[in-house]
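Numbering (our numbering), first residue to last: 189 to 801.
Note that CB positions come from ideal geometry on N, CA and C, so glycine has one too.
Predicted model only: the values in this text are computed from it and were never measured.
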Amino acid sequence: MKKIIVTLLISASLGLSACQDTFLQMPDTTGTVDLNEVYGSAKNAKSALMTCYREALIHGLPGGWGVGHGTLGAISGEISRGYSWHGTYTISQSGLDVNGTDGSDAGSDHFGNNWAYIRHCFTVRENIDRVPDMSDQEKNYVKAEATALVAYRYMGMFYRYGGLPIVRGSFSNPADPGVFAGRASLQETLEYILELCQQAYDGLPEGDWGAADQGRMTRGAVLAIKARTLLFAARPLFNSATPYLSGGHDDLVCFGSKSDDRWQDAIEANEAVLTWAAANNYALLNTGGAGEGNPNPKAFEDYATATSTPANREVLLAYKCDETGQWTWPGSAIFYYNNYSPVWTNNRWDTDVSGVLTNFLKLYYKADGSEFTNWPGVNEAAPRDASEWIQNIGDIEPRAKADNMFVGFDAFNNPGHSSWSANNWGRQVSNAGKKTNFPAAIEAGKGCAAPVKFYYKAGTRVWFEFPLFRLAETYLNLAEAYNEKGIAAKALENLNKVHNRAGLPKVTETDQDALRKIIRRERAIELYRENNRYYDVKHWKDENIGNGIIGGNMHELQFKIKESHSGSFNLASGLESYWDAVVYTSYWNPKMYLEPIPQSEINKGTLVQNPGY
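Below, the structure is given as structure tokens:
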């Protein structure tokens, strides 16, 4: 998007305050910039719009998910829980709290911020017609963008909370008949999101924006909002005759019926995304030329480019924050918890115990598509020789190498760059020590690798553009939906688009239950650290959700260093043996399928709490 989205932040220009006694109370505009000034020029009005982008699209990212420390991956079975002062640590220990954790107002979100940011979007939409030096066409585009941002935020709340209050404006008039304070049913909330999507779609340009405006909402991004929303509507948590727990208001947390039609709706919505993408030069990156159904020989390069390279044509919408200053929000939060390299110097130690769990490591395939059969288990008779570890990482699939810096190896995604080498990493990338504690843990938190996803060939660049919608997700959405409809051929067609791109031979399994597990595994690997797994496993009601994903025993590999070794513990030459150990047990309770609403809101008597809290 134009540099304006990076540098111009005029939150006061929106004429709203995010700090109110209740999220539905009229905003206090005392001391804020006059609306006539904000909407007195196109420049100022666009600044207000770009602030809306920055606020609305940060949902779920560090700096925007409510919890002050860590990432969703730390409570999703991807990486370790972090330090004891991290909200992710607290959630892993005791679950989601109605009074908030580490800055959130409840659970792992900030309920109040959602409504403040939605208000900001509506304020732009309601006032853009005041701007004297903007064409009617551009004003209509801005209205559509603001509407799309509201839809995006509602989408995220839909799969976090279920039924929501329906907000249709900024509440500048307390007598506004559109103000509805209570929670609408799940069905009504879904219908409102689809309504917002249609309004936004109709108002946006037919094709893509020009190069100077890349990052603004497109029809393709709006279709992706609709597609993801309908996928969550079709999944077992909502698509059920009975709720996961009964709280007396079942229509807030399930549809009250199970229908295959919801899977068909998801199919049609995701196919529409692909149709728009094909017409506008977006595609799943696969440059290997191996042909349909064959492993991509350029799997590493293509996957790493798709997840890391700014403005690549697989990404329909990204969080455009190209901040170079390490102390400037929101980069100071987003990059803080995603850039593990020594290039990041702002309190780098705070990610020191957020390494890769064995639970997640074992999901990866070998590069030839076969299964690993020799990962160590817990409490074995003896440690494994480190040569086995070196061989396994040599054999592991390209996505694992693109996304993680494993002990004993330089970062594969920044080859030849000294800052990304094992020797110059500046801290350990694994639990390691010269004194064995076998079969128990030497230490905990570092795991077997440091996550390095999003930084392919980044070198000294600290920032990246977080992919909010990638076409890989769309294909996996379709694989899931077609399989649930019992159409195995189409499920495999879409699954193998992603699986083959990753350099792996095509999947041929047609049994629905077996294929479901394969699709879910593929989604976990492909969308690692992209904020999907935490919500995916909940809405699938995954049978292992409390057994090593969100709850249950969390495992980390341990590495014995040779007594004679004098160099970095990250070097392969120093590794003697390794084993697996349980390092903590994470909390799970079925009430956590959905997030709690803040107790402070419940106490006002307007909103109903989700069951179990």
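Distance check between Ala230 and each of Gln616, Val286 and Lys327 places Lys327 closest, using alpha-carbon atoms only. Unbroken alpha helix (DSSP H) runs of no fewer than 4 residues, entirely contained in the segment 409-462, are not found. Distances from the CA of Ile522 to each of Ser282, Asn468, Pro627 and Trp253 were compared; the closest alpha carbon is that of Trp253. Proximity to Leu763 across Thr377, Lys726 and Phe594 peaks at Phe594, based on C-alpha coordinates. Per DSSP, the continuous beta strand (DSSP E) segment holding Asn592 begins and ends at Asn592 to Phe594. For Asn671, the uninterrupted alpha helix (DSSP H) run begins and ends at Leu659 to Glu672, by DSSP. For Gly565, there is no enclosing alpha helix (DSSP H), as DSSP marks it with neither H nor E.
Of the candidates Leu551, Leu378, Ser282 and Gly344, Ser282 places its Cα closest to the Cα of Ser774.
Burial check for Asp297: the Cβ neighbour count within 10 Å reaches 16 or more, so the residue is buried. Taking the C-beta atoms as reference points, Ala712 is found no nearer than 8 Å to Arg704. Judged by their CB atoms, Asp293 and Phe299 are nearer to each other than the 8 Å cut-off.
In its chain, beyond the 5 residues on either side, Gly408, Ala409, Ala412 and Phe657 have a beta carbon closer than 6 Å to the beta carbon of Leu504. In this structure, the alpha-carbon of Ala492 lies about 8 Å from that of Arg587. In this structure, the beta-carbon distance from Leu374 to Val441 falls below 8 Å.
Residue pairing by DSSP puts Leu763 in a beta bridge opposite Ile749. The Cβ neighbour count for Asn302, taken over all protein chains shown within 10 Å, is at least 16; the residue is labelled buried.
Secondary structure note for Leu505: its beta strand (DSSP E) is the uninterrupted segment Val503 to Tyr507. With the rule of 3 Cβ pairs closer than 8 Å, the segment 750-763 does not count as touching the segment 255-269. For Cys309, the closest of Trp651, Ala632 and Ala236 by C-alpha to C-alpha distance is Ala236.
DSSP places Gly391 inside the alpha helix (DSSP H), whose first and last residues are Leu374 to Gly391.
For His257, DSSP assigns no beta-bridge partner whatsoever. In the DSSP assignment, the residues bridged to Arg404 are Gln402. If you compare the alpha carbons of Lys750, Gly357, Thr430 and His687 with that of Gly444, the shortest gap goes to Thr430. Nearest to Thr335 by C-alpha distance, out of Met345, Leu392, Gln452 and Thr561, is Leu392. Scanning the segment 460-547 from its first residue to its last, the whole alpha helix (DSSP H) runs of 4-plus residues come out as 487-496 and 519-522. For the pair Ser520 and Tyr643, the CB atoms are not nearer than the 8 Å cut-off.
DSSP places Arg587 within a helical segment (H, G or I) once states are collapsed to three.
Bounds of any beta strand (DSSP E) do not take in Asn688; it lies within the alpha helix (DSSP H) bounded by Ala676 to Arg689. Sequence-distant partners of Ala629 (beyond 5 residues in either direction) whose C-beta falls short of 6 Å from its own C-beta, in its chain, are Gln746, Ala769 and Val771.
Each residue's CA atom was taken as its position, placing Thr239 and Thr311 some 12 Å apart.
Cβ neighbours of Phe626 within its own chain (closer than 7 Å, five residues either side excluded): Pro571 and Trp767. The C-alpha of Ala372 lies about 30 Å from the C-alpha of Glu731. Of the residues assessed, Lys414 falls on the buried side of the cut-off, its CB having 16 or more other CB atoms within 10 angstroms. Taking C-beta atoms as the reference points, Arg269 and Thr259 fail to come closer than 8 Å. Contiguous beta strand (DSSP E) elements confined to the segment 621-651 occur at 637-639, taking only those with 3 or more residues.
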